[in-house]
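Asks: Residue numbers (the numbering used here), protein chains in the order written: chain A, 2 to 509; chain B, 2 to 509.
The C-beta atom is built at its ideal place from N, Cα and C for all residues, glycine as well.
The structure displayed is predicted, hence computed values, not measured ones.
I'd like to ask you about the structure that follows.
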C-alpha cells in the first residue's frame, strides 16, 4: 500500500513513546466477548503453523500488474483464500484492468464490516535481496524476533493473512463472528488502483459495501516502540507520464538519431526539460501549475494540534537520519515541516527516462523523453480537477504536444474522528496496550476515497497490531514471533483483528 | 566511429549524384604501380575467403570498454592481426585505461603512412537483431548483394579487415609496399577515446607517428549512389554526466525515499531539471553557457561553397525522411541547416536516468538524477575550454553541487584541403570511378585532433571504398559482394586501400 509504505518508515521514528502492557505482554487477550477470548487464543495458536504456511504459499504467487504477472492465477487464489476462511460467497469480478475479488460472510450479526485487501505486490529486483523474495524465509532479526522476509511480507499479505488467520480461528473454535464481513480485494493497488472504483461500484459489490459501518485494510501499524498512529485520511494521488516526442511535437526526430544532428534537429528531451521546469518553482518545491492551490483546504486548529502532538512524541534527528536528509524544505522547523507534509500538494518526479540509460554514454539524440510523475492531492482537490489543471497548464505554456498520460490515481480520503471505525480502532489498540496517536492526514495515498466519497460514503482506514517494514524495498519483512513485548507477533496481530471485530460490534 | 556513424546514415541521402565506372565496374584496378595491379587483384581474390573468415573471427571477440569486455584479449588479438598482415613490430601499449596497440611496417619506402584502427565496438542488444550480432552471418541484402551482418561489421572491423586483406595480398603477391606503415589501434573509441592522447604520445608511438605523411582510418565511405564525401575535419566532443544528488547537494535524500515525502523534502531530480534548463534557450537550440560561442570560428567562403555544393547533390526530402523530421531547427532552409550542422556547437542530452525507470510507476523521490550529455565543439573551441565554461556556468548559476563528470572527448579536427592525405584520397576515389564531394567539417567527432593538433600535427581522416550502415544500431552490415556496380565489395575495397597507399607514394 502506498500510504503504508510511507508510514511504515515514518512510523519507525515518529509516533508515540507511551507503551502499554495488556494485550501484548499477556499471553491471552481481553476480547469483548468474555470467555470467547481464551477459545480464540487457543485456536489462533493451534492454527499458527498452518496460517504461516498459507502466507508463504501466497507469497510464492506474486501478482504484479506492472509486469502482467500471475493474472488470473492471483485473483483465483484470493477467492479461494476467502472461501477457506469462511466467506460463504466469493467471486472474481472482472474489470477493465485486472480482476477484483468480492466476498461476503453473513454471520447473522447486526453490523457489517468491510475488509479491503490488495492481492498484488510491488515489483522487486531479486539481486538486491539477502534472501529469495518469493520464498518467505523465516529468519531471526535482532531486536524484532522471528520475521518472515519476502516481497509482500508486510505490504500487504502478512497482515491480510493474519486477518484470515483470525477468521480461521473463529471457525476452529466454533465461534460466531460478532459482525458480518464484506471483502473487496483488488490486484492493481501497486499501479495506482486504476480500476478500483469500477470494482467497488459494480452493482453487487456496492450494494454490499454500502451496508458496512466502515472498511478496513489489515496492516502492521505499530512502530518500533509499539505505538500506533491512526490516520484520519490520506492524500490523493495522480500518477502519470509526461512524454515529449518527435512524433507528437512535429519537430525533432521520430526515433533516436545520431547526436551530432542536434546542430540541425530539435530535441524532444530538451522539450521535456522545458515543459517540466514550468511546473514548479526554481527550488522545485512550489507547484506553479495555474490554480493548483485553489482548493487546498488549510489545516484546522484540531489538525494542527494533532500534528504538534505527533511531533512532540517523535525525534526529528532520527527521522532525518532515516531519510538521509539534513534540511527540510525551506529549512522549515520540524512542526512546520510536518504541517507541510500533511497539508501541501506535490508534483514529484519519480523517474526520468530518455535515450540511452545504460552505463557510459551513447551519442544519440533521443526521439522521445519521459518523466514519471506523481502528484499528491489534499482536500478539497480532486484527481479530475488536478489532471485538468495540469493539462491546461501545459497547453497554456505552449506544450500541447507534451503528453500527460495518467496511469492511475484517486482523490484524497477523509474519515471522521468520531466514526465507529476510528473509535473501534482506538479502543482495540488501547485494550492491547498500544499507545495511540492520531495523524490528521497521511502524506501517502490509498484508494480510500472510493469508499469515503460518494456514492459509497463510508469510513475507511487501516488497522493492525504488528510490525514490518521494507515495503517497495529489498528485504521487506513482517514480525511473526516478537522478541519485543510491546510489539505484536503474528498470533497477537490475528487476535487484535478479532478484537477489532468485537469492538466494531460493541461501540455505540 | 562516432563520426562515421553519423556520416554513414547521412551519406545515404547526401552526397554526389555523379557516378563513375573505372575501378568499380571493372574486374581489375588501375593501380599506380602498373603491372602490380593484376598481381594484387589476383592475390586479393585468392585471399578473399581467408580474409572474410579473419573478419568473422575478429567479430566473435567484441571488446566493449563500457562493459569491460574482452580486455586484454581484444588488444592481444589486434596485435596478432597486425603481425599476421606483415607488420614487423607490434606491441600492446598500456594506458591508464584500456591498452592500445602500436605496430610498424618498414617497407624501405620514402614515405610513411599512419593507420588508425579502433579494435573496440559499440554495445548492442542481441534481442534487437535479426541475426546473432557476433556470428557475422553472410546474408543477401536486396539492393546491396551479399553482406556481413554483425556488431562491428562496418564500425569498424569490416573496413579495417579489408585494409589488412590488402596487406596480406601484398605479401602473397610478393610485392613491396609503396609506403612504410605505422599502426595505432585503440580500444576505447566507443567511450570517447579517454586515453587515446596518452597512447599516441607514448614516446615510441609519437616518434613513429610524427614521421607519417598523414594518418587514415579505414572506412566504408561510399553512399548508396556510390559517391564519397571527404571531410576536412570533424567537430570535437565532450561526453559527460550531469549528476544532481542529495549527497552532493546537502538537500534532498541520500537515496530514494517515498515520494509522499516530496511535501517536506527537496528533490535532486527537480534540481537537475533546473540546472539543465539554464544550459540552453527555451527552444533547446541555442547554448546559454556563458562564453560558449566566444571561439566559434565562422565558416569561410570556401566552406560555405563546399556546403552549398554538397546540398545541391543531395535530397532534403530523403534526408528528412531518413531522420523522421519535418523541420530543421528554426525552420531553416536546407543549405542554412547544413551550415548550422557544420558550424555550430551543441549541447545535447543523450539520456536521462533518475529514480524508477521500469514499466509503470513507482512512488519514489529519487536521491539522484543523471543527464548524459554530449557537447559538439567547432574550431577554435577546445575541450578544455568548453569543459571549464560549463563548470563555471553551473557554479555561477548556483549549481556548484551539480557534478559534471566528463567521461571523454576531444578537440575539433581540421585537415588542409591541399594536404597529401586529402589529395591522395581524392585521386584514389576518382581512379575508382567514385564521385567525390568535400565536406568542410563532419558534424560527428573522432579523436583526429590527437593527430592533427600539436604535438603530432599531421593530417588525419577516413578513407575507403565500400558500403555499410547500422553503426551503433541493430543489424549493422558491410557489403562483401556488391550487386551495385557503383559500390565496392570487399575485394574492391581492399584494392582501393592498396591503391590509396600507391597514391600516397605518388602525389607530389
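Whose CA, out of 316/B, 449/B, 139/B, lies closest to the CA of residue 411/B?
Replies: Within the second chain, residue 411/B is the residue found at index 410, counting from 1. Taking only the C-alpha atoms, the option nearest residue 411/B is 449/B.
Asks: Are there 16 or more other CB atoms within 10 angstroms of the CB of residue 120/B, so buried, or fewer, so exposed?
Replies: In the second chain, the residue the question calls residue 120/B occupies position 119. Classification for residue 120/B: buried.
Asks: Should residue 236/B be labelled buried (16 or more other beta-carbon atoms within 10 Å of its own) or exposed?
Replies: In the second chain, the residue the question calls residue 236/B occupies position 235. With 16 or more other Cβ atoms within 10 Å, it is buried.
Asks: Kindly give me the distance between the Cβ atoms of residue 217/B and residue 438/B, rounded to whole angstroms, as I take these residues to be in contact under 8 Å.
Replies: Counted from its first residue, the second chain places residue 217/B at position 216. Counted from its first residue, the second chain places residue 438/B at position 437. Actually they do not touch by this definition, with Cβ atoms about 18 Å apart.
Asks: CA-CA distance, residue 273/B and residue 157/B?
Replies: As a first step, residue 273/B must be located in the second chain, where it is residue number 272. As a first step, residue 157/B must be located in the second chain, where it is residue number 156. Cα-Cα distance, rounded: 36 Å.
Asks: Indicate whether the contact test is met: 3 or more Cβ pairs, each with one atom in the segment 132 to 139 of chain A and one in the segment 216 to 234 of chain A, closer than 8 Å.
Replies: Contact between the segment 132 to 139 of chain A and the segment 216 to 234 of chain A is absent, because fewer than three Cβ pairs lie under 8 Å.
Asks: So what's residue 223/A in DSSP terms, helix, strand or just coil?
Replies: Indexing the first chain from 1 puts residue 223/A at position 222. In the structure shown, residue 223/A sits in a strand (DSSP, three-state: E or B).
Asks: Measure the CB-CB distance between residue 495/A and residue 164/A and report whether it falls below 9 Å.
Replies: The residue labelled residue 495/A in the question sits at position 494 within the first chain. The residue labelled residue 164/A in the question sits at position 163 within the first chain. Cβ atoms of residue 495/A and residue 164/A: closer than 9 Å.
Asks: Mind listing which residues of the segment 425 to 451 of chain A have their C-beta closer than 8 Å to chain B's C-betas, in chain order?
Replies: Within the segment 425 to 451 of chain A, the qualifying residues are 443, 444, 445, 446.
Asks: Using the three-state DSSP reduction, which class does residue 212/B fall into: helix, strand or coil?
Replies: Taking the second chain and counting its residues from 1, the one referred to as residue 212/B is at position 211. Coil at residue 212/B, not helix or strand.
Asks: Just by C-beta distance, which residues in the segment 181 to 199 of chain B are closer than 8 Å to chain A?
Replies: 192, 193
Asks: Go through its chain and collect everything with a Cβ distance to residue 206/B's Cβ below 7 Å, but skip five positions before and after it.
Replies: Residue 206/B sits at position 205 when you count from the first residue of the second chain. Around residue 206/B, the same chain offers 94, 103, 185, 200 as residues with beta carbons nearer than 7 Å, after the five sequence neighbours per side are excluded.
Asks: Spatial neighbours of residue 303/B within its chain, please: CB distance less than 6 Å, with the 5 preceding and 5 following residues excluded, ordered by chain position.
Replies: The residue you call residue 303/B lines up with position 302 of the second chain. Here the set comprises nothing.
Asks: Rounded to a whole number of angstroms, what is the C-alpha to C-alpha distance between residue 305/A and residue 340/A?
Replies: Here residue 305/A refers to the residue found at position 304 when the first chain is read from its first residue. Here residue 340/A refers to the residue found at position 339 when the first chain is read from its first residue. Cα atoms of residue 305/A and residue 340/A: separation of roughly 7 Å, rounded to the nearest angstrom.
Asks: Could you give the DSSP three-state label for residue 452/B: helix, strand or coil?
Replies: The residue you call residue 452/B lines up with position 451 of the second chain. If DSSP states are grouped into helix, strand and coil, residue 452/B belongs with the helices.
Asks: Taking the alpha-carbon positions, what's the residue 398/B to residue 332/B distance?
Replies: As a first step, residue 398/B must be located in the second chain, where it is residue number 397. As a first step, residue 332/B must be located in the second chain, where it is residue number 331. Whole-angstrom Cα-Cα distance: 31 Å.
Asks: On the DSSP letters alone, give me the boundaries of the beta strand (DSSP E) that residue 404/A sits inside.
Replies: Along the first chain, read from residue 1 onward, the residue named residue 404/A stands at position 403. Per DSSP, the continuous beta strand (DSSP E) segment holding residue 404/A begins and ends at 404 to 411.
Asks: Note the first and the last residue of the continuous alpha helix (DSSP H) segment covering residue 353/B.
Replies: Working through the second chain from its first residue, we reach residue 353/B at position 352. Not the alpha helix (DSSP H): residue 353/B falls in the beta strand (DSSP E), residues 347 to 356.
Asks: To the nearest angstrom, how far is the alpha carbon of residue 309/A from that of residue 260/A?
Replies: For this step, residue 309/A is matched to residue 308 along the first chain. For this step, residue 260/A is matched to residue 259 along the first chain. Each residue's alpha carbon lies about 54 Å from the other.
Asks: Could you check what DSSP says for residue 178/A in three-state terms: helix, strand or coil?
Replies: Taking the first residue of the first chain as 1, we reach residue 178/A at position 177. Of the three classes helix, strand and coil, the one that applies to residue 178/A here is coil, per DSSP.
Asks: Note down, in chain order, each residue of its chain lying with its Cβ closer than 7 Å to the Cβ of residue 416/A, except the 5 sequence neighbours on either side.
Replies: Within the first chain, the letter at position 415 stands for residue 416/A. Same-chain partners within the cutoff: 233, 234, 422, 423, 453, 460, 461, 462.
Asks: In the structure shown, what three-state DSSP assignment does residue 25/A receive?
Replies: Within the first chain, numbered from 1, the residue matching residue 25/A stands at position 24. Only weak support is given to the placement of residue 25/A: the predicted model assigns it a pLDDT of 37, under 50, and the value that follows is read from those uncertain coordinates. DSSP places residue 25/A in helix when its eight states are reduced to three.
Asks: Grouping DSSP H, G and I as helix and E and B as strand, with all else coil, what is residue 31/B?
Replies: The residue you call residue 31/B lines up with position 30 of the second chain. Its pLDDT being 47, under 50, residue 31/B is placed unreliably in this model, and the coordinates cannot settle the point.
Asks: State yes or no: is the beta carbon of residue 278/B nearer than 9 Å to at least one beta carbon in chain A?
Replies: If you number the second chain from 1, residue 278/B lands on position 277. Yes, its Cβ sits closer than 9 Å to a Cβ of chain A.
Asks: For the structure I just gave you, are there three or more beta carbon pairs, one from the segment 478 to 496 of chain B and one from the segment 213 to 228 of chain B, closer than 8 Å?
Replies: yes
Asks: Scan the segment 314 to 336 of chain B for residues whose Cβ lies nearer than 8 Å to a Cβ of chain A and list them as they occur along the chain.
Replies: 324, 325, 326, 327, 328, 329, 330, 333
Asks: Which of the three DSSP states is assigned to residue 172/A in this structure?
Replies: Within the first chain, residue 172/A is the residue found at index 171, counting from 1. Helix at residue 172/A.
Asks: Cα-Cα, which of 381/A, 329/A, 359/A is closest to residue 300/A?
Replies: On the first chain, residue 300/A is found 299 positions in, with the first residue counted as 1. Closest in C-alpha terms to residue 300/A, from the list 381/A, 329/A, 359/A, comes 381/A.
Asks: Which complete beta strand (DSSP E) runs does the segment 301 to 333 of chain A hold, if anything under 3 residues is left out?
Replies: none
Asks: Using a beta-carbon distance below 9 Å, is residue 22/B in contact with chain A?
Replies: Position 21 of the second chain, counted from the start, is the residue given in the question as residue 22/B. Summary for residue 22/B: the model assigns pLDDT 30, below 50, so the residue's position carries little reliability, and this model does not support an answer.
Asks: Compute the distance between the beta-carbons of residue 350/B and residue 338/B, then report whether it is under 9 Å.
Replies: Numbered from 1 along the second chain, position 349 holds the residue referred to as residue 350/B. Numbered from 1 along the second chain, position 337 holds the residue referred to as residue 338/B. Cβ atoms of residue 350/B and residue 338/B: not closer than 9 Å.
Asks: Quick check: residue 221/B and residue 434/B, are their CB atoms within less than 9 Å of each other?
Replies: Numbered from 1 along the second chain, position 220 holds the residue referred to as residue 221/B. Numbered from 1 along the second chain, position 433 holds the residue referred to as residue 434/B. No, the Cβ-Cβ distance between residue 221/B and residue 434/B is not below 9 Å.
Asks: Among 268/A, 323/A, 358/A, 383/A, which residue has its Cα nearest to the Cα of residue 295/A?
Replies: What you label residue 295/A is simply residue 294 of the first chain in a count that begins at 1. Of 268/A, 323/A, 358/A, 383/A, the residue nearest in Cα terms is 383/A.
Asks: Less than 8 Å between C-beta atoms, sequence neighbours within five positions excluded: which residues of the same chain meet that for residue 33/B?
Replies: For the purposes of this step, residue 33/B is taken as residue 32 along the second chain, with counting starting at 1. Note that residue 33/B has pLDDT 47, beneath the 50 cutoff, so the model's placement of it is unreliable and the number below is only indicative. The answer, listed in chain order, is 179, 500, 503, 504, 506, 507.
Asks: Could you please tell me which residues of the segment 257 to 271 of chain B, in chain order, have their CB closer than 8 Å to any CB of chain A?
Replies: 258, 259, 260, 261, 262, 263, 264, 265, 266, 267, 268, 270, 271
Asks: At the level of alpha carbons, what is the spacing between residue 66/A and residue 91/A?
Replies: As a first step, residue 66/A is located in the first chain; it is residue number 65 there, counting from the start. As a first step, residue 91/A is located in the first chain; it is residue number 90 there, counting from the start. Whole-angstrom Cα-Cα distance: 22 Å.
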